[in-house]
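Numbering follows the numbering used here, with no gaps: position 203 of the sequence shown is 297.
Don't be surprised by glycine CBs; every beta carbon is placed ideally from N, CA and C.
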Amino acid sequence: MAVKMKDIAERAGVSSAAVSLALRDSNRVSEAKRGEIARIAAELGFKPNLLAQALVKGKTRTIGLLTTSFLLEVVAAKVLVLDRMFANAGYRLLTSFLHFQKEEADVEVVSEAIDEMIRRGVDGLLVYGPHRPGLLEALGKVRVPIVFFDVELGVPCKHILLDRSAGCKECVEHLCELGHREIYLLRTEWCREWIPDRRVAGYRQAMSAHGLDGDHRVVFLTEPDKADEMGRNVFDMDKVHQSLKQFLLSHPDCTAIMASSDELAECMLTCLHRMGLSVPRDISLTGFNNISSTGRTYPALTTIAQPADEIGRSAVAMILKSIESNDILTPEQVVVPTRLIIRESTGPARRGQLRLATKGVE
């Protein structure tokens, strides 16, 4: 049977009204008595009625999160951090996963998810990188603080940004220290006007600082063959192999490749082995995100790490501060640094041009 306030009141020798005040930490009850009532409530296993509290205070202590597939490791790591940190602060995280099918339907998907958050009465809303048109318009009906993280919209707002630009600069610096000059950035993401790509900007700035051409060394290698039912990108190994092979045949000067994601880098690592090439002796290779498998590849992958804990702490602190101050409109930005993880897939630059014909290319 559920413990009620009258049970605590009988044990403490006070009225139910006094228990209610004490559990709300009201100074109308002495500090000593508040402590005694809190101890008795804990001993009896009392659980407060959150719905009743929400009706009284106008707060549900619930934070909404709009995000993409939880099965993307880089997403899951951040969501788990958020869930833990909000729980420690006495809040519940309500997550809505956005399942996109066709671009023309994206606005409807986003709008429905936001309507559901409004009906649930969330105290604040986090938006994690849906990157879809119509997002800002749909969010216009929200009357609680909104914090964006890991998504750049190009408009004043509250957001947490990952410093991808600095991460790519650090990676270029590392490769240049190893003697590389022919460094190429290979990507898969479609270039969308509303998503500024800081990785490309950082890469080009670092290349320019070393007197190298970065403008013509950003290459779209291949798109993921498809997204699976959980929203994960699925690469067709044969397509990546052929695309990478053609790239190397047309760019025999290449000594280092910076892949736009760890998943692509791991796929390319397999393809390079199939071509008879040695990493890093023939080609140095780096990834982005530091997913767990990068330390178990052969060779282990040099990559740029996203600090999930710091991103989570920054997002939680920003939205709770906004809720406390009832500040919905004031723009605010926190930039979280990345970290280069140097492993075995990068080494001294090869001398001379790559000769695929002598490496047993299929």
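So, with DSSP's three-state summary, where would you put residue i?
{"i": "A315", "result": "The sequence given here places Leu at residue 315; Ala does not occur at that position. Here L315 sits in coil by DSSP."}
{"i": "M352", "result": "strand"}
{"i": "G158", "result": "strand"}
{"i": "R281", "result": "strand"}
{"i": "G129", "result": "helix"}
{"i": "A96", "result": "coil"}
{"i": "S302", "result": "helix"}
{"i": "I477", "result": "Outside the displayed span of the chain (95 to 456) sits residue 477, for which this structure offers no information."}
{"i": "R399", "result": "Checking the sequence, you will find Ala at residue 399 rather than Arg. In the structure shown, A399 sits in a strand (DSSP, three-state: E or B)."}
{"i": "R293", "result": "helix"}
{"i": "S205", "result": "helix"}
{"i": "T380", "result": "strand"}
{"i": "L342", "result": "helix"}
{"i": "I435", "result": "strand"}
{"i": "V108", "result": "coil"}
{"i": "N182", "result": "helix"}
Quick check: the Cα distance between residue i and residue j, rounded to an integer number of angstroms?
{"i": "G417", "j": "D177", "result": "The question names Gly, but residue 417 is Ile in the sequence shown. If I take the Cα positions, the gap works out to 17 Å."}
{"i": "M369", "j": "S205", "result": "47 Å"}
{"i": "P442", "j": "R407", "result": "38 Å"}
{"i": "F314", "j": "D332", "result": "16 Å"}
{"i": "L371", "j": "S337", "result": "15 Å"}
{"i": "D330", "j": "E231", "result": "36 Å"}
{"i": "R214", "j": "Y185", "result": "14 Å"}
{"i": "G296", "j": "V312", "result": "12 Å"}
{"i": "G234", "j": "L448", "result": "54 Å"}
{"i": "E246", "j": "D376", "result": "36 Å"}
{"i": "E254", "j": "A111", "result": "In the sequence under discussion, the amino acid at residue 254 is Ile, which differs from the Glu named in the question. Spanning the two alpha carbons is a distance of roughly 43 Å."}
{"i": "R133", "j": "L117", "result": "11 Å"}
{"i": "F347", "j": "V221", "result": "The sequence given here has Asp at residue 347, not Phe. When rounded, the distance between both Cα atoms is 42 Å."}
{"i": "V169", "j": "S124", "result": "46 Å"}
{"i": "S120", "j": "L395", "result": "56 Å"}
{"i": "P393", "j": "S344", "result": "25 Å"}
{"i": "T388", "j": "T397", "result": "8 Å"}
Is it right to say residue i is buried, meaning 16 or more other beta carbons lie within 10 angstroms of its own, or is it exposed?
{"i": "K252", "result": "buried"}
{"i": "L138", "result": "exposed"}
{"i": "I131", "result": "buried"}
{"i": "S302", "result": "exposed"}
{"i": "F382", "result": "buried"}
{"i": "E264", "result": "buried"}
{"i": "T424", "result": "exposed"}
{"i": "H335", "result": "buried"}
{"i": "G446", "result": "exposed"}
{"i": "V249", "result": "exposed"}
{"i": "S259", "result": "buried"}
Under the DSSP definition of a beta bridge, which residues are partnered with residue i?
{"i": "L117", "result": "None, per the DSSP bridge assignment."}
{"i": "Q427", "result": "H253"}
{"i": "F242", "result": "V221 and H253"}
{"i": "A232", "result": "A232 pairs with nothing; no bridge assigned."}
{"i": "T189", "result": "L159"}
Return the Cβ separation of residue i and residue j in integer angstroms, given the expectation that the two are a contact with Cβ distance under 8 Å.
{"i": "L379", "j": "L363", "result": "6 Å"}
{"i": "F191", "j": "T162", "result": "7 Å"}
{"i": "L279", "j": "M352", "result": "5 Å"}
{"i": "T349", "j": "H274", "result": "5 Å"}
{"i": "S419", "j": "P374", "result": "With a Cβ gap of about 51 Å, S419 and P374 do not count as contacting."}
{"i": "R293", "j": "S386", "result": "Actually they are not in contact, since the Cβ atoms of R293 and S386 sit about 21 Å apart, beyond 8 Å."}
{"i": "A183", "j": "L414", "result": "6 Å"}
{"i": "G223", "j": "V238", "result": "Not quite, the Cβ-Cβ distance comes to about 20 Å (not below 8 Å), so this is no contact."}
{"i": "L159", "j": "L115", "result": "So it is not a contact: roughly 34 Å between Cβ atoms."}
{"i": "G308", "j": "R298", "result": "4 Å"}
{"i": "K172", "j": "A399", "result": "No, K172 and A399 are not in contact; Cβ-Cβ is about 13 Å, not under 8 Å."}
Looking at the C-beta of residue i, does it have a partner C-beta in chain C at a distance below 8 Å?
{"i": "E426", "result": "Of the protein chains in the structure, only one exists, and it is not chain C."}
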